[in-house]
Amino acid sequence: MTEPTVGIVVNPASGRDIRRLVAKASVFPTAEKANMVQRLLTALASVGVTRALLSTDLGGISAAVLRALRTGRNAWPAVEFCEDPLTDSAQDTTNAVRRMVAEGAGVVVCLGGDGTARVAAAACGDVPLLPLSTGTNNAFPQLREATVAGLAAGLVATGAVDATRRASVLEVTAGQRTELALVDVCGASSPYVGSRALWEPAQLTELYCTFAEPDAIGLSSVAGQLCPSPRDEPGGVALRFAPLPEARWIVRAPIAPGLVVPVGVRDWRVLPVGEPVELAPCGVVAVDGERELELRDTPASVRLRADGPRCVDVTAALTEAASRALLTERNVTDDGHLAHPGRTRP
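In C-alpha cells form, the structure reads like this:
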C-alpha cells in the first residue's frame, strides 16, 4: 500500500499585487502562511497521513517550518522539502506540484489566490487539489481554516472518504498559445499586460465565467449579482460590458477587495459546455483576473470545458466523516460503562 502522502505548495508572493495600492486590499503575511502550513501538518497527522511534501521558497515560509521541525515538539507527518532550483516565478509552483504528483501525493494543497490555483491545477493532473485562500482575489480557492482543510485533505489522501468534484475550466486560445482559467476570462481594451491586475471597469469588453457566485470577489462578482451560476451546474455565463450610459444593467460589484464600483452590462447568456466563442477584437485577455495575453490583432476564442481539476470538497469530506463517525470514538471505562454517556452517540 502506498504511504499516505499530501503535497503542500505555497506561493510566497500571493496577496501582494498592485491592488494593495488601488483598492486597499490586505497583505497576507509570510508568518501566517507558515503558520497555516503548520496547522495543516498537525491536522494531516491526526487522520493518518504519514508523509508530507512541502515546496521551498525564498520568502521564509519553508524556513519557518524547518525551524519548527527542528524543535522536535510537533506530531507531524515526515516532512520532505521539494528542493528544486527556484526561479521566484510561477514556474516554482509548477515544478513543486509536478514533483509531488510524481512522488505519490494523494492530494495537493496549494496556498495562494486564483492565479496560484490555476498554475497548480495545470500541473496536478488527476490528483485532487485543495486550494486555500492567501491571495488578493480568491474566487476559486476556498476560504477555510487550515486545520479543517487539513482534516479533509488527509481523509481524502488516506482513502477514508471519497469527496472530490470535477471543476469546469475555460480554455482561451490566441494564435499558438492556450491558457486555462478556473474562474473567468475577460477581454479588455488596454494594449499591454502591464501590472496584470484589472481594476478599471471602463476597459472591460466581455466576460466568460465557469461559475458566478453572488458572494464572490473579482470580475465574476458582476455575473454573480446579475445572473448567478453555481459551481455544480454544467454551464457557465457569458456577458458583454457597456459604457454606463448605454448599459442595460448597472451592477455595483466588488471587483477587488475594497473596490465596489458600478459596472455596465449590455447583455448576458448561459455559456454551454463545449461551445467555441470568438472574442471581440480587444487589446488583452485576462485569465482569472490577471492580464495574460496581448492580442495585437491576433484572433482569440474561448470555450467552456467540463474536464477541469478534481477538487477536494471540504464540507462533503467532513460530513461523510461525521456520518461514519471517522473522527469519533466511544470512551469506555474499565468496567465497561461509557465515561461520558451524555456526549456519545448511541
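Counting in the numbering used here, the sequence shown runs without a single skipped number right up to 360 at its last residue.
No residue lacks a Cβ here, since even glycine has one placed at the ideal position from N, Cα and C.
For residue 178, the enclosing beta strand (DSSP E) covers residues 178-180. Short of 7 angstroms from the beta carbon of residue 228, and not among the five residues preceding or following it, lie these beta carbons of its own chain, in chain order: 238, 239, 242.
Proximity to residue 26 across 285, 45, 322 peaks at 45, based on C-alpha coordinates.
Closest option to residue 56, judged by alpha-carbon separation, among 74, 82, 201: 82. Residue 117 carries a coil assignment under DSSP once its states are collapsed to helix, strand and coil.
In the DSSP annotation of this structure, the continuous segment of the alpha helix (DSSP H) that includes residue 164 starts and ends at 160-171.
The beta-carbon distance between residue 280 and residue 261, rounded to whole angstroms, is 6 angstroms. This is short enough to meet the 8 angstroms contact definition. A contact between stretches requires three or more CB pairs, one per stretch, nearer than 8 angstroms, and the region 68-75 meets this requirement with the region 106-121. Inter-segment contact for the region 135-150 and the region 107-126 is present: three or more beta-carbon pairs are separated by less than 8 angstroms. In the DSSP assignment, residue 128 falls within the alpha helix (DSSP H) that extends over 128-137. A direct Cα-Cα distance of roughly 9 angstroms separates residue 263 from residue 256. Excluding five sequence positions before and after residue 17, the CB atoms of its chain that fall closer than 6 angstroms to its own CB belong to 64, 65, given in chain order. For residue 322, the closest of 218, 194, 115 by C-alpha to C-alpha distance is 194. Only residues of its own chain outside the window of five on either side were considered, and among them 322, 323, 325 have a CB closer than 6 angstroms to the CB of residue 181, listed in chain order.
In this structure, the straight-line span from the alpha carbon of residue 148 to that of residue 28 is close to 6 angstroms. Within a 10 Å sphere around the beta-carbon of residue 189 sit fewer than 16 other beta-carbons, which makes this residue exposed. Residue 264: member of the beta strand (DSSP E) spanning 263-270, first to last residue.
Contact between residue 160 and residue 53 holds, with the beta-carbon distance rounding to 4 angstroms and staying under 8 angstroms.
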